[in-house]
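Novice: In order, the protein sequence lines correspond to chains A and B. Heads up: the first sequence at position 225 corresponds to 226 in this note's numbering, and the numbers run straight through without jumps. Heads up: the second sequence at position 158 corresponds to 1056 in this note's numbering, and the numbers run straight through without jumps. Quick one: the structure is below, and I'll ask about it shortly.
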Amino acid sequence: MHNKATVSSGAAAGAVQPAAEPHTEAHPTVIRAENLTKTYGDVAAVDGISFSVPAGESFGLLGPNGAGKSTTMKMIGGVTRRTSGNLHIMGLDPDTHGPEVRAHLGVVPQQDNLDEELRVRDNLLVYGRYFGLPMSYLKPKADELLEFAQLTDKAKSKVDALSGGMKRRLTIARSLINEPRILLLDEPTTGLDPQARHILWDRLFRLKEQGVTLILTTHYMDEAEQLCDRLIVVDKGRIMAEGSPVQLIREHSTREVVELRFGSERNTTISAELEGIGERLEVLPDRVLIYAHDGEAALEQVASRGLRPLTSLVRRSSLEDVFLRLTGRSLVE
Amino acid sequence: MSEVVKANLAGNTELHSRAHSPEVAAAKARRWGAFYYAEQVLRVMKGYSWSIIMYSVGHPVAYLFAMGVGLATLVDSQGAGAFGGVGYVTFVAPALVVSAAVMTAANEFTFPVMDGFKWRRTYYGPHASPLTPQQIAAGHIMAVTLRFLLQSGVYFAAVALFGAAPGGWGWVTILVATLAGLSFGLPLMAYAASITEDKGQFALVMRFIVMPLFLFSGTFFPLDSLPLAVRWIGWISPIWHGTELGRVFSYGYQEPPLLTILHAAVLVGLAVLGWFLTRRQFAARMGQ
C-alpha cells in the first residue's frame, strides 16, 4: 500500500488538460502487477510488465493492436492464467481466487457477448443472477441502469435490434449490475461513430466521479487523454512509458507540432531542407512533422527558406506523438 | 445482520449501495453457480418454448399413431410371439421415448455449445462473472436435463394414453430416457466444445451416428433379429441400452438381471465419462 506510483499535478504551460490529482494514502492499491508475463508457445504476448493502480484512479493501457493490452485485461479479469509474475486484485490472486476476484469487477469485453436471444432488460437480470443477486434487488437496479445507459425505451427490445453504440452501452450497463468498484473496459469505443463515443465517454466520466476505478485499454489517443488520470504506453508486451497524459507529452514531445504535407513523392526528399527547424523532425509517408516549442515560429522559418507545403497545420502535441517518439510507429496503422 | 449492512461495515460498498458485497457474491456463486447458469439456459429455451412443446407433444402422437394404428395392426396380426408376448406398440414405445431424448441431446449439446464458444460467444459473458467454466458446463447440462425430464414425461403420458405401458413401473422410462439422453449427449458435448471451426460436423453426427443408432438399436425389432455383422451397433448404442432398460420397467421384459445391471452401468458410465471430458474441455478452452 505504500509504494504507489505518484503523479505530479504541476500544470505546465500549455497543458492540454488538468493533470491528475496526486494519490494519497486514502486510496489503497486495488490492482498490483509485478513482472506479469503471458506467453503463447514462443510468443510473449505480455512480457514482464509491472504497475499498480490506486482506488478511484482511471488507468489506461495505450498501445496498438497486438500490444498485449487485451491479454493483460484478461489476466486482471481472472479469465486467463498468467505464465509468470505476480498479480493481485483487491489483495487476491486471480489464479487461486478467480470467483472472488471476478465478484469485485465489472467487465466490458472487447467483443460484445450479450445474450442476443434475450431481451434487453433480461440481459441485465440474468447477468445479475450470476452474482447471486436477488430479483428484488435486480429489477429496480436493471431499470436504473437502463436509464443510465439511455436504453429505457428499448427495455423490451431484442438485442439484435440495437445499434452498435446501444449494444456497447448495454454491455456497460450489464457490467455495473453488481455495483463493482473496479470496471475493466477493453477498447470500449472501438467501432463506434463519434457521437456514440461521446455519449459513452460521458457515462464513463460519471462513473469516475462516483469513485469507480476504471481500467481501460484503447488505441485512441483522444480517448486516453479524455479518460485517463494515468496510463502506460504498451508495445510488444512491454511498458514503454508511464505517467499522466500531460506528463508523458511533456517528457516525450514538444509543446507544439507543425504538420506539413508536400505530396507523398516529396516528403522524404524535402526533409533535408527542413533540418534545423524546431527540435526534431519526423518524416512519415504522408507528412513531415516538426516538433517545436513555438509552432508558428517554426512555420515562418519554413516559409523563409522558400518552401511551400501543400498544407500546413500547427497543433498541440498529443499522445500520438508520444507513441511515435517511443516506438517509431503510429498508433492506428 | 443483513448482507447489505455487513457489506457496508466491511467498507466494500457505498452506504447507499444495495448490492451485496463481492465476498457474498463469490460465496453464493461458488455454491449455486451451476444453478444460476441453468436459469439463463432455461430463459433462452423459454424463447423457443413453443417449438419445444410442439416437438414434445407432436413427436409422440405422430409416432404412436403411425406405429399403433398403422404398423401394429399388420405386425400384431402375425402373432405377438416375436415381441415377447406384448403388442407391437407396447414393444416399440420405450424405444421411442428413449430415442426422442437422444435426438434432443444431439441438438441441445451441439449447436448451443458452438454458440457459446464461437458464434455468439454466450459463454464468455458469464465467464467474466464469478462463475467457473465447470459451472457453466454443469448449468447447461442441468437445464437440458430438465428438458429431457419434461419431454419424456409428456411422451410417457402419450404412451400411457395409447395403453402401451401396462405395468405399474412404466414411469421409470422417463428417468431411463433422461439418462440415455445424457449418456449420448455428454460425450457429444465434450466433442462440440473441442470444435473450433464449423465444417458441418453436427450434420454428420446426425446422419451417420444418430440415425443408424436410431434404426439399429432394437428400436423397431429385437436386436437379435439383425445379423451379427451389424448387431454391435446396438451393443455400443445408448439407445439400445436405454430401450432394453425401459422395456424391463415398462412391460416386465424378461432378461438376465445381470444384463439389466449392465444396461444401467453402460448408460451411467458413458454419462460420467462425458461429464469429465466436458469439464476438462470447458476449463481448458476458457482458461487460455
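Note that CB positions come from ideal geometry on N, CA and C, so glycine has one too. None of these values were measured; they are calculated from a predicted model.
Which residues in the same chain have their Cβ closer than 7 Å to the Cβ of Ala156(A), if we skip the five residues on either side of it in sequence?
Specialist: Cβ neighbours of Ala156(A) beyond the five flanking positions: Val121, Arg122 and Leu147.
Novice: Looking only at its own chain, which residues have a Cβ that is under 7 Å from the Cβ of Ala225(A), when we skip the five neighbours before and after it?
Specialist: Closer than 7 Å at Cβ, skipping near neighbours: Gly61, Leu63, Thr219, Leu232, Pro246 and Leu320.
Novice: Do we get a CB-CB distance below 8 Å when we pair Glu180(A) with the residues of chain B?
Specialist: Yes, its Cβ sits closer than 8 Å to a Cβ of chain B.
Novice: What does DSSP give as the partner residue(s) for Thr38(A) in the beta ladder?
Specialist: In the DSSP output, where bridge partners are listed per residue, Thr38(A) has Asp48(A) and Ser85(A).
Novice: Measure the Cβ-Cβ separation of Ala1091(B) and Val1011(B) and say whether it is below 8 Å.
Specialist: It is a contact, given that the beta carbons lie within the stated cut-off.
Novice: Answer yes or no: does any C-beta atom of chain B fall closer than 8 Å to that of Gln112(A)?
Specialist: Gln112(A) counts as touching chain B.
Novice: Just verifying my parser: in three-state terms, what is the DSSP assignment at Pro992(B)?
Specialist: Helix.
Novice: Buried or exposed for Asp1096(B), please, with buried defined as at least 16 other CB atoms from any protein chain shown within 10 angstroms of its CB.
Specialist: With fewer than 16 other Cβ atoms within 10 Å, it is exposed.
Novice: Going by DSSP, which residues form a beta bridge with Ser53(A)?
Specialist: Looking at the DSSP assignment, Ser53(A) forms a beta bridge with Arg33(A).
Novice: For Met952(B), does the count of other Cβ atoms within 10 angstroms reach 16, so buried, or fall short, so exposed?
Specialist: Counting Cβ neighbours within 10 Å, Met952(B) comes out exposed, since fewer than 16 surround it.
Novice: CB-CB under 6 Å to Ala991(B), same chain, minus the five flanking residues each way: which ones, in chain order?
Specialist: For Ala991(B), where only same-chain residues beyond five positions count, the Cβ hits under 6 Å are Val1057 and Ala1062.
Novice: Distance cutoff 8 Å, beta carbons only. Does Pro65(A) sit that close to anything in chain B?
Specialist: Cβ-Cβ to chain B under 8 Å: no for Pro65(A).
Novice: Does any C-beta atom of chain B lie closer than 8 Å to the C-beta of Val323(A)?
Specialist: So, not an interface residue.
Novice: Should Leu327(A) be flagged as near chain B, meaning a C-beta pair shorter than 8 Å?
Specialist: No - not a single Cβ of chain B is within 8 Å of the one on Leu327(A).
Novice: Of the residues Ala925(B), Val1070(B) and Val973(B), which one's Cα is nearest the Cα of Phe1054(B)?
Specialist: Considering only alpha carbons, the answer is Val1070(B).
Novice: Let's test the definition: count the other Cβ atoms within 10 Å of the Cβ of Ile1072(B) and tell me whether it reaches 16, buried, or not, exposed.
Specialist: It is buried - the Cβ of Ile1072(B) has at least 16 other Cβ atoms within 10 Å.
Novice: Mark Lys944(B) as exposed unless 16 or more other C-beta atoms lie within 10 angstroms of its C-beta, in which case mark it buried.
Specialist: By the neighbour-count rule (16 or more Cβ atoms within 10 Å), Lys944(B) is not buried but exposed.
Novice: Would you decide whether Met1109(B) is buried or exposed? Buried here means 16 or more other CB atoms lie within 10 Å of its CB.
Specialist: Counting Cβ neighbours within 10 Å, Met1109(B) comes out exposed, since fewer than 16 surround it.
Novice: Which parts of the segment 1080 to 1131 of chain B are runs of the alpha helix (DSSP H), unbroken and 4 residues or longer, counting only runs that do not cross its ends?
Specialist: As far as the segment 1080 to 1131 of chain B is concerned, its whole alpha helix (DSSP H) runs of at least 4 residues are 1099 to 1103 and 1109 to 1113.
Novice: Is the Cβ of Tyr953(B) closer than 8 Å to any Cβ of chain A?
Specialist: Chain A contact via Cβ: absent.
Novice: Is there a Cβ from chain B that is less than 8 Å from the Cβ of Ala156(A)?
Specialist: Answer no: the Cβ-Cβ gap between Ala156(A) and chain B never drops below 8 Å.
Novice: On the criterion of 16 or more Cβ atoms from any shown chain inside 10 Å, does His1139(B) qualify as buried, or is it exposed?
Specialist: The residue is buried, with at least 16 neighbouring Cβ atoms inside 10 Å.
Novice: At a CB-CB cut-off below 8 Å, which residues of chain A make contact with Val942(B)?
Specialist: By Cβ distance, chain A contributes Asp116, Glu118 and Leu119.
Novice: Can you tell me whether DSSP reads Met241(A) as helix, strand or coil?
Specialist: Three-state DSSP puts Met241(A) in a strand.
Novice: Would you mind reading off the limits of the alpha helix (DSSP H) that contains Glu257(A)?
Specialist: First-last for Glu257(A): Glu257 to Arg262, but that is the beta strand (DSSP E), not the alpha helix (DSSP H).
Novice: So for Asp194(A), helix, strand or coil by DSSP?
Specialist: Reduced to three states, the DSSP call for Asp194(A) is coil.
Novice: With DSSP as the reference, identify every bridge partner of Asp344(A), one or two as the case may be.
Specialist: No answer is possible for residue 344(A): it lies beyond the span of chain A, which begins at 2 and ends at 334.
Novice: Can you have a look at Ala1169(B) and say buried or exposed, based on whether 16 or more other CB atoms are within 10 angstroms of its CB?
Specialist: Buried is the call here.
Novice: For Tyr131(A), I'd like the list of residues in its chain whose CB is within less than 6 Å of its CB, leaving aside the five on either flank, ordered along the chain.
Specialist: Hits under 6 Å: none found.
Novice: Could you tell me the boundaries of the beta strand (DSSP E) in which Ser272(A) lies?
Specialist: It is not in any beta strand (DSSP E) - Ser272(A) carries neither H nor E in the DSSP assignment.
Novice: Consider the Cβ of Asp236(A): report whether some Cβ of chain B lies at a distance smaller than 8 Å.
Specialist: So no, Asp236(A) is outside the interface.
Novice: Kindly list the residues whose CB is nearer than 8 Å to the CB of Ser1135(B), restricted to its own chain and excluding five residues on each side of it in sequence; keep chain order.
Specialist: Excluding sequence neighbours, Ser1135(B) sits near Leu1111, Phe1114 and Ser1115.
Novice: Exposed or buried, Gln976(B), counting other C-beta atoms within 10 Å across all chains shown (16 or more means buried)?
Specialist: Answer is exposed; the Cβ neighbour count stays below 16.
Novice: Counting pairs of beta carbons, one from the segment 1036 to 1046 of chain B and one from the segment 133 to 141 of chain A, are three or more of them closer than 8 Å?
Specialist: No, the segment 1036 to 1046 of chain B does not touch the segment 133 to 141 of chain A.
Novice: May I have the straight-line CA-CA distance separating Gln151(A) from Ala143(A), to the nearest angstrom?
Specialist: In a straight line, the C-alpha of Gln151(A) is about 12 Å away from that of Ala143(A).
Novice: For Phe981(B), which three-state DSSP category applies?
Specialist: Residue state, collapsed to three classes: helix.
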